[in-house]
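Just so we're aligned, residue 3 is where the sequence shown starts under my numbering, counting upward by one.
Heads up, the beta-carbon is just placed ideally off N, CA and C, and yes, glycines get one too.
Source: prediction; values computed, not measured.
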Amino acid sequence: MDYTLFGHPESGHSYKVKLMLEVAQIPHHYQFIDIGLPRQARPEPFRSLSKFGEVPVLLHRGQAYVQSNAILLLLAEQTGRFGGESSARLARAREWLFWEANRLGLSLAHLRFARCFEPEAYPQGSLVWFERRFDADIERLEQELSDGRQFILDDQVSVADFSLCAYLFWADQAQVAVPGTVAAWLTRIRQLPGWAEPYTLLARTAEI
Ligand SMILES: N[C@@H](CCC(=O)N[C@@H](CS)C(=O)NCC(=O)O)C(=O)O
Numbered sequence: 003m004d005y006t007l008f009g010h011p012e013s014g015h016s017y018k019v020k021l022m023l024e025v026a027q028i029p030h031h032y033q034f035i036d037i038g039l040p041r042q043a044r045p046e047p048f049r050s051l052s053k054f055g056e057v058p059v060l061l062h063r064g065q066a067y068v069q070s071n072a073i074l075l076l077l078a079e080q081t082g083r084f085g086g087e088s089s090a091r092l093a094r095a096r097e098w099l100f101w102e103a104n105r106l107g108l109s110l111a112h113l114r115f116a117r118c119f120e121p122e123a124y125p126q127g128s129l130v131w132f133e134r135r136f137d138a139d140i141e142r143l144e145q146e147l148s149d150g151r152q153f154i155l156d157d158q159v160s161v162a163d164f165s166l167c168a169y170l171f172w173a174d175q176a177q178v179a180v181p182g183t184v185a186a187w188l189t190r191i192r193q194l195p196g197w198a199e200p201y202t203l204l205a206r207t208a209e210i
């Protein structure tokens, strides 16, 4: 198998990549990494491969790739699918991946992390800031999908969808509401062959 993904079941960033590998039917090996361990205690080869110490990492033919959205772009280019069909479509997908990293991947991921994992890490008032930002982000997505198209770019699923949907499947954990048009889009993603929820796709494997 040419691809090995290192990830964790609580990582929405890992889920984006795993979902693409599943939906695209790209044969791969998945390796659980315990991110509850201090970085220096995580196993090799993960430690050497992970440039920033984080999951996900995708290993392909001896080369390690990091940053979930960069990995999605790589897979789109390599497969020529899910946004990689043309440079024009890839350019449109790329815009959404950068938007996700700065907007939804920030606001929603932090609301979930604060509410489920480390509330004490967030200074008073910061969650209000993330909530306001999330409200603006979800409204922007709702508006984007309001013309009736099936997916973010058009009627075909792309890496933009894989990226934007990941943390939204945990909206309940983040204690945020998902409006109707976005909820309908998430339902369409759930219906894709290969879809499964994060805890299934990223379940613990034997340690390395
Ligand atoms: N911008 C990165 C974010 C990756 C990230 O935040 N990974 C988290 C899990 S979601 C992680 O590895 N946390 C453990 C650590 O930083 O040691 C991406 O898109 O891949």
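Next item on the list: Take residue 156 as the anchor and find which of 53, 29, 91 has the nearest alpha-carbon.
Entry: Distances from the alpha-carbon of residue 156 to those of 53, 29, 91 put 91 closest.
Notebook entry, point to check: What is the DSSP secondary structure of residue 10, counted as helix, strand or coil?
Noted result: DSSP places residue 10 outside both helix and strand once states are collapsed to three, so it counts as coil.
Note to self: Assuming contact is defined by CB atoms lying nearer than 7 Å, are residue 143 and residue 184 in contact in what I supplied?
What the structure shows: In contact: residue 143 and residue 184 (Cβ atoms closer than 7 Å).
Note to self: Between residue 56 and chain C, is any beta-carbon pair separated by less than 7 Å?
What the structure shows: Here there is only one protein chain, and chain C is not present.
Check: Name the DSSP beta bridge partners of residue 124, please?
Finding: In the DSSP output, where bridge partners are listed per residue, residue 124 has none listed.
Check: Using the C-alpha atoms, what's the distance from residue 154 back to residue 177?
Finding: Distance between the alpha carbons of residue 177 and residue 154: 24 Å.
Notebook entry, point to check: Going by the beta-carbon positions, is the gap between residue 160 and residue 139 smaller than 7 Å?
Noted result: Remark: C-beta atoms of residue 160 and residue 139 do not approach each other more closely than 7 Å.
Checklist line | Cβ pair residue 25, residue 7 closer than 7 Å | finding: The Cβ atoms of residue 25 and residue 7 do not sit closer than 7 Å to each other.
Margin query: If I measure Cβ to Cβ from residue 166 and keep anything under 8 Å in the same chain, skipping five residues before and after, which residues do I get?
Written below: Taken in chain order, the residues that qualify are 98, 102, 106, 143, 154.
Next item on the list: Could you round the C-beta distance between residue 164 and residue 199 to whole angstroms and report it? I think they count as a contact, below 8 Å.
Entry: Actually they are not in contact, since the Cβ atoms of residue 164 and residue 199 sit about 14 Å apart, beyond 8 Å.
Note to self: Alpha carbons only, please: which of 36, 29, 5, 22 is nearest the one belonging to residue 205?
What the structure shows: Minimum Cα distance to residue 205 is reached at 36.
Check: Taking Cβ positions, are residue 34 and residue 207 nearer each other than 7 Å?
Finding: Yes, these two residues count as a Cβ contact at 7 Å.
Notebook entry, point to check: Leaving out five residues before and five after residue 136 in sequence, what residues of the same chain have Cβ atoms less than 7 Å from its Cβ?
Noted result: Closer than 7 Å at the Cβ level, and outside the excluded window around residue 136, lie 109, 110, 113, 178.
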